[in-house]
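See structure below.
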Amino acid sequence: CLSRGLGDVYNRQVRRPGHDATMTLPRKTYTSIVVEREVAAPRQAVWDALIGFYEPFLGPDVHLVGAAFDFEVDGLNLREEVLSLEPPWRRVYGVTGGPVALYQGTSAITDRGDSCLLVWSLVVDPLPDVASDAFLAAAESVVGDVVDRLASTAETR
Numbered sequence: 602c603l604s605r606g607l608g609d610v611y612n613r614q615v616r617r618p619g620h621d622a623t624m625t626l627p628r629k630t631y632t633s634i635v636v637e638r639e640v641a642a643p644r645q646a647v648w649d650a651l652i653g654f655y656e657p658f659l660g661p662d663v664h665l666v667g668a669a670f671d672f673e674v675d676g677l678n679l680r681e682e683v684l685s686l687e688p689p690w691r692r693v694y695g696v697t698g699g700p701v702a703l704y705q706g707t708s709a710i711t712d713r714g715d716s717c718l719l720v721w722s723l724v725v726d727p728l729p730d731v732a733s734d735a736f737l738a739a740a741e742s743v744v745g746d747v748v749d750r751l752a753s754t755a756e757t758r
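Under our numbering, residues 602 to 758 are what the sequence shown spells out, in order.
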């Protein structure tokens, strides 16, 4: 019977040669750093402060996905590139050149009535040695300082 033949085909498990169905790979773990500030200003004021912060580095490209700039921190030549931009809500960027396998940052702004919440998060894949430790500590400190600066700028506008 034709339907029986098709059912047999659909019910068989097909495995690629050499594939072990019982093998599971360990799940990749990342380091996350999150800095949050409640800002007594509307979302647009925080967004304007964020874009204003980046204008000296990116100039007129500040609003473009793919815009990038080079900078140096503690002898490391780093490059930041805009990966996603959703004005006036979210900006995502990546940093290369540091002692990490992955560094991605997201600045997100959420309305809260007359105020807003600014959340700056980092997702990092550190290298196995301790070279990443000092870099991550510095990144967390810099992000905290920038978030405080953005909040202060937005609140005084």
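Where a beta carbon is used, it is the ideal one built from N, C-alpha and C, also for glycine.
Just to confirm my understanding: we take residue i, look at its own chain, exclude 5 residues before and 5 after, and list those with CB closer than 6 Å. What are they?
i	result
A646	A755 and R758
A752	R638 and V640
A668	L659, D662 and V683
For residue i, name the three-state secondary structure that DSSP assigns.
i	result
D715	coil
E653	It should be pointed out that residue 653 corresponds to Gly in this sequence rather than to Glu. Of the three classes helix, strand and coil, the one that applies to G653 here is helix, per DSSP.
D695	Asp is not the amino acid found at residue 695; the sequence shown has Gly there. Three-state DSSP puts G695 in a strand.
L751	helix
E741	helix
L679	strand
R628	coil
R758	coil
W648	helix
L665	coil
F658	helix
D746	helix
So, for residue i: in the same chain, excluding its five sequence neighbours on each side, which residues have a beta-carbon less than 7 Å away from its beta-carbon?
i	result
L651	R692, S708 and L751
G698	L677, N678, L679 and R680
T632	V725, P727 and L737
Quick check: the Cα distance between residue i and residue j, rounded to an integer number of angstroms?
i	j	result
G660	D675	24 Å
W721	L626	31 Å
A732	D726	12 Å
E653	R628	A quick correction: the sequence has Gly, not Glu, at residue 653. About 39 Å.
L662	V683	According to the sequence shown, residue 662 is Asp rather than Leu. C-alpha separation (whole angstroms): 10 Å.
F672	G714	37 Å
T630	Y704	13 Å
C717	W648	11 Å
A740	D749	14 Å
D712	R644	6 Å
Which same chain residues, not among the five before or five after residue i, have their C-beta less than 8 Å away from its C-beta?
i	result
E656	V663
V744	I634, V636, G706, W721 and L723
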